[in-house]
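Undergrad: By the UniProt record's numbering, the letter at position 243 of the sequence shown is numbered 243, and the numbering carries on one by one without gaps.
For each residue, glycine too, the CB sits at the ideal point set by N, CA and C.
Note that this is a predicted model, so its numbers are computed, not measured.
Got a structure for you, written out below as structure tokens; questions coming shortly.
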Amino acid sequence: MVNRGRSGGCLTCKERRVKCDEARPKCRPCQRLGIPCAGYKTRYANIRFKDQSHKFYSRADGECIQKPDWLPVLRPLAQPDTAVPFYLRHYAGMGREMGSARGFFEVLIPIYASQRPSSALSLAVSALASEIMSLWRHESFQSSRETYTQAIRCLRSTIQDVNEWGKPETALAVLSLQLYESVAAIYGLRSATRIHHDGALSLLPFADPDYRNGITNAYIRRFIVHTEVCSAMRQKRLLQSGADAWIRGNGAMPAPDNPSCALDAIGASVANLQASYTQLETPVGSISSSQRDLGELIVEAKLLDEQLLAWARDVPDHWQPLQLSGQDIDPSIPTYRSVCEVYSCCQIAAIWNLWRIQRLLLIKIILGSIQMISHSRSSRLTEDVVSTNDETIVDLGHTFQELVDSLCHSVPFYMGNRTNPSNMADFTDPEILFPSDCYRHRDSNPHSINKLGSSGDEQKQSIIAQGPWHVMSPLSHILTLVSEDRSQLLATFLRYGQREWIREQFLRVTRLLRIPSKSVQEPYLRGLSAQRSADTGFEDLVKGVRKGAIFMSGP
């Protein structure tokens with residue numbers, strides 16, 4: 001009998017040590033038993049993995065500390081295709097560090113590496129990775145739906161055991177499925193289901209504090225709370241009680257503090273304040289339900305803004321953006337007023353934009369409250385509570401303008417000179433330029449270069465993969481903030497043509513990510529009715545993207 005070498009059976013049959021008929025895409029033994037078929041191990045072409053555990057250090061003043069002893073040893077990555085290695089490398093590995101960790105991507109690789117191929121986490125990551133790879137290959141999500149269904153089935157089986165509720169791999173599986181659903185919802189321009197988000201919140205009380213010294217679970221819980229804060233802001237609602245209590249109690253689990261966590265603590269108060277303001281908000285000219293309540297909102301909003309300003313003063317030096325202008329920027333890179341800001345990584349840039357969005361929300365609350373009080377039939381609030389004079393509104397307008405300007409200046413960092421739909425060739429295309437690339441070639445100051453990150457090639461690849469996703473939410477948030485303002489006062493604070501520039505950049509994001517938007521991407525047809533139709537189509541696009549991204553990280 002001819003020996004054809006090692007069996008090519010599926011990974012599940014190999015693990016069970018049974019004979020596999022090697023049928024594809026799923027073998028018959030697995031189908032007969034009703035268990036997930038983990039697929040077949042293939043040899044990778046031109047794919048290499050190197051140990052980048054040093055990326056998961058904590059940074060203090062720009063320096064790294066020793067590798068934490070809670071990180072497990074990475075197992076070989078064996079997957080049915082290249083989607084998982086691609087996803088882990090470009091989305092979970094590059095541009096991540098514990099000093100700015102939100103808690104999901106930073107711990108995903110080590111925990112995933114310790115799992116069996118047939119586990120809920122392995123299947124969930126495989127589904128998510130296949131979904132992302134489909135976007136780069138310009139394919140439908142159909143190939144990932146089957147793995148997604150397997151992951152759901154496996155997770156349901158896993159959580160039947162109460163001992164699994166507190167394990168980090170269980171929470172990471174839920175969060176991976178939540179991210180899968182969010183991406184699918186964005187491309188469907190529909191509301192994302194909250195089932196996975198609620199599932200993650202329900203696991204908060206069960207996290208095992210003794211698992212690897214509790215640090216891993218603490219980071220994961222931070223991410224769950226971070227997502228709840230972001231979704232509460234988008235939905236203008238109060239935080240769910242479990243997340244709110246966890247923030248007030250500081251988690252009761254060991255984990256190093258970082259600026260992202262501190263910002264979420266402030267953001268929780270901003271979200272709750274916005275929810276209170278929304279309940280009192282009335283059309284301009286109508287009677288406010290409670291002037292005293294509005295006055296208290298203004299006072300609290302100002303206190304929270306002071307906390308946000310203090311947060312910005314306390315962040316590490318290497319977090320501060322580096323502003324470029326003029327000859328430091330390649331002319332092919334679209335900028336706003338010929339200025340851009342660059343950061344050491346996408347993650348830090350996203351945290352800054354979340355900070356800006358929180359301050360913009362507070363300005364909206366203060367201005368809206370002032371307007372409702374001034375239009376009330378009986379305004380009797382004392383001047384130490386609120387001032388309704390023109391100077392106050394002008395000062396708020398200047399601050400609003402500065403924040404929107406700085407957000408616009410971050411756009412070139414995320415998108416560079418890219419204009420075409422993303423594809424795999426982008427990672428090696430020398431024609432794609434970013435402001436940080438241009439500056440590296442023109443400046444030899446080691447201190448300035450260090451603020452841009454240690455590896456130019458690696459930073460460029462991480463921005464190509466992650467940049468459009470990070471800038472999509474703040475751009476849509478600005479557009480929504482202005483369009484929902486019934487008084488139209490916020491729109492007057494913007495510079496001439498600035499709203500149109502932001503709109504153009506948002507459309508560029510949808511082009512890069514290939515989000516369906518043909519009706520508003522095409523030039524306006526002649527006639528007022530056609531222009532109104534295009535405007536309506538654009539508003540629907542922005543609303544659809546925001547509904548899909550409700551439970552995603554970010555502003």
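(1) Can you give the Cα-Cα distance for Ala151 and Ser182, rounded to whole angstroms?
(2) If we count Cβ pairs, one from each stretch, closer than 8 Å, do we get three or more for the region 324-340 versus the region 462-479?
(3) To the nearest angstrom, report how far apart Leu490 and Glu97 are at their CA atoms.
(4) Could you spell out where the beta strand (DSSP E) holding Glu181 opens and where it closes?
(5) Put Tyr148 into one of helix, strand or coil per three-state DSSP.
(6) Going by DSSP, what residues sit across from Cys27 in a beta bridge?
(7) Please tell me whether Ala275 and Met233 are closer than 7 Å, where the distance is taken between their beta carbons.
(8) Taking its Cβ as the centre, do 16 or more other Cβ atoms sit within 10 Å of Ser157, making it buried, or is it exposed?
(9) If we count Cβ pairs, one from each stretch, closer than 8 Å, do we get three or more for the region 342-350 versus the region 85-105?
(10) Since Ser231 is in the alpha helix (DSSP H), which residue starts that stretch and which ends it?
(11) Assign Asp264 to one of two classes, buried (16 or more other C-beta atoms within 10 Å of its C-beta) or exposed (fewer than that).
(12) In three-state terms, what does DSSP make of Met253?
(13) I want to know whether the region 417-429 touches the region 389-404 - three or more CB-CB distances under 8 Å.
(14) Grab me the residues of Asn353's own chain with a C-beta within less than 7 Å of its C-beta, minus the 5 sequence neighbours each way, in chain order.
(15) Leaving out five residues before and five after Ala45 in sequence, what residues of the same chain have Cβ atoms less than 6 Å from its Cβ?
(16) Hey, quick one: how far does the beta strand (DSSP E) through residue 559 stretch, first residue to last?
(17) Do Val174 and Ala207 have their CB atoms nearer than 7 Å?
(18) Check whether the region 7-19 and the region 106-123 touch, using three or more Cβ-Cβ pairs below 8 Å as the test.
(19) Going by other Cβ atoms of all chains shown within 10 Å of its Cβ, with 16 needed for buried, is Ala245 buried or exposed?
(20) How would you write the range of the alpha helix (DSSP H) that Met509 sits in, first residue to last?
(21) Which residues in the same chain have their Cβ closer than 8 Å to the Cβ of Leu203, if we skip the five residues on either side of it in sequence?
(22) Assuming Arg499 contacts Val482 (C-beta within less than 8 Å), just tell me the rounded distance between them.
(23) In three-state DSSP terms, what is Glu164?
(24) Identify the continuous alpha helix (DSSP H) that holds Cys340 and give its terminal residues.
(25) Report yes if the C-beta distance between Gly8 and Glu22 is below 7 Å; otherwise report no.
(26) Which residues mark the beginning and the end of the beta strand (DSSP E) in which Ser325 is found?
(27) For His197, report the span of its alpha helix (DSSP H) as first-last.
(28) Does the beta-carbon distance from Leu322 to Ser422 come in below 7 Å?
(29) Bridge partners of Tyr336, per DSSP?
(30) Three-state secondary structure (DSSP) at Thr399?
(31) Going by DSSP in three states, Asp535 sits in which element: helix, strand or coil?
(32) Just reading off the alpha helix (DSSP H) that Ala275 is part of, what are its end residues?
(33) Candidates Tyr277, Leu123, Ile502, Arg359: which alpha carbon is nearest Ala310's?
(34) Does the Cβ of Thr510 have 16 or more other Cβ atoms within 10 Å, making it buried, or fewer, making it exposed?
(35) Output the boundary residues of the alpha helix (DSSP H) element that contains Trp355.
TA: Taking the geometry as given:
(1) Stepping through the sequence shown from its first residue, residue 151 is reached at position 151. Stepping through the sequence shown from its first residue, residue 182 is reached at position 182. Their Cα atoms are separated by approximately 16 Å.
(2) no
(3) Translated into positions along the sequence shown, residue 490 becomes position 490. Translated into positions along the sequence shown, residue 97 becomes position 97. Near 36 Å, if we compare the C-alpha coordinates of Glu97 and Leu490.
(4) Translated into positions along the sequence shown, residue 181 becomes position 181. From DSSP, Glu181 is part of no beta strand (DSSP E) but of the alpha helix (DSSP H) over 168-187.
(5) In the sequence shown, residue 148 corresponds to position 148, counting from 1. Note: Tyr148 maps to helix in three-state DSSP.
(6) Along the sequence shown, read from residue 1 onward, the residue named residue 27 stands at position 27. In DSSP, Cys27 forms no bridge with anything.
(7) Here residue 275 refers to the residue found at position 275 when the sequence shown is read from its first residue. Here residue 233 refers to the residue found at position 233 when the sequence shown is read from its first residue. No. Outside cutoff.
(8) Locating residue 157 in the sequence shown gives position 157, counting from the first residue. So Ser157 ends up on the exposed side.
(9) yes
(10) By one-based count along the sequence shown, residue 231 stands at place 231. Taken as a continuous stretch (DSSP letters only), the alpha helix (DSSP H) holding Ser231 covers 215-235.
(11) As a working mapping, residue 264 is identified with position 264 in the sequence shown. By the neighbour-count rule (16 or more Cβ atoms within 10 Å), Asp264 is buried.
(12) In the sequence shown, counting from the first residue as 1, residue 253 sits at position 253. Here Met253 scores only 48 on pLDDT, less than 50, and its place in the model should not be relied on; the value that follows carries that caveat. Residue state, collapsed to three classes: coil.
(13) no
(14) On the sequence shown, residue 353 is found 353 positions in, with the first residue counted as 1. Correct list, in chain order: Leu407, Ser410, Pro474, Pro555.
(15) Counted from its first residue, the sequence shown places residue 45 at position 45. Because Ala45 sits at a pLDDT of 37, beneath the cut-off of 50, its placement in the model cannot be relied upon, and the point is left open.
(16) Residue 559 lies beyond the stretch modelled for the chain, which goes from 1 to 555, so this question has no answer here.
(17) Against the sequence shown, residue 174 aligns to sequence position 174. Against the sequence shown, residue 207 aligns to sequence position 207. Not closer than 7 Å, so no.
(18) yes
(19) As a first step, residue 245 must be located in the sequence shown, where it is residue number 245. Result: exposed.
(20) Here residue 509 is taken as the residue at index 509 of the sequence shown, counted from 1. One point to set straight first is that residue 509 is Val, not Met, in the sequence displayed. From DSSP, the alpha helix (DSSP H) with Val509 extends over 498-513.
(21) Reading the sequence shown from its first residue, position 203 is the one you call residue 203. Cβ neighbours of Leu203 beyond the five flanking positions: Trp165, Gly166, Thr170, Ala171, Val174, Ile224.
(22) Here residue 499 corresponds to residue number 499 of the sequence shown, with the count starting at 1. Here residue 482 corresponds to residue number 482 of the sequence shown, with the count starting at 1. That belief holds up - the Cβ atoms of Arg499 and Val482 are roughly 6 Å apart, short of 8 Å.
(23) As a first step, residue 164 must be located in the sequence shown, where it is residue number 164. If DSSP states are grouped into helix, strand and coil, Glu164 belongs with the helices.
(24) Position 340 of the sequence shown holds residue 340. Premise fails: Cys340 lies in the beta strand (DSSP E), 339-342, not in any alpha helix (DSSP H).
(25) Taking the first residue of the sequence shown as position 1, residue 8 is located at position 8. Taking the first residue of the sequence shown as position 1, residue 22 is located at position 22. Yes, they are a contact pair.
(26) Position 325 of the sequence shown, counted from the start, is the residue given in the question as residue 325. Note, Ser325: beta strand (DSSP E), 322-325.
(27) Sequence index remark: in the sequence shown, residue 197 carries index 197 (1-based). Looking at the DSSP string, the run of the alpha helix (DSSP H) that includes His197 is 195-202.
(28) Along the sequence shown, read from residue 1 onward, the residue named residue 322 stands at position 322. Along the sequence shown, read from residue 1 onward, the residue named residue 422 stands at position 422. Their beta carbons are not under 7 Å apart, which means Leu322 does not touch Ser422 by this criterion.
(29) Taking the first residue of the sequence shown as position 1, residue 336 is located at position 336. Looking at the DSSP assignment, Tyr336 forms a beta bridge with Val339.
(30) Indexing the sequence shown from 1 puts residue 399 at position 399. Residue state, collapsed to three classes: helix.
(31) As a position in the sequence shown, residue 535 is number 535, starting the count at 1. Three-state DSSP puts Asp535 in a helix.
(32) Position 275 of the sequence shown, counted from the first residue, corresponds to residue 275. First-last of the alpha helix (DSSP H) with Ala275: 259-280.
(33) For the purposes of this step, residue 310 is taken as the residue at position 310 of the sequence shown. It is Arg359.
(34) The residue labelled residue 510 in the question sits at position 510 within the sequence shown. Buried, since its Cβ has 16 or more Cβ neighbours within 10 Å.
(35) For the purposes of this step, residue 355 is identified with residue 355 of the sequence shown, where counting begins at 1. Residues 346-374.
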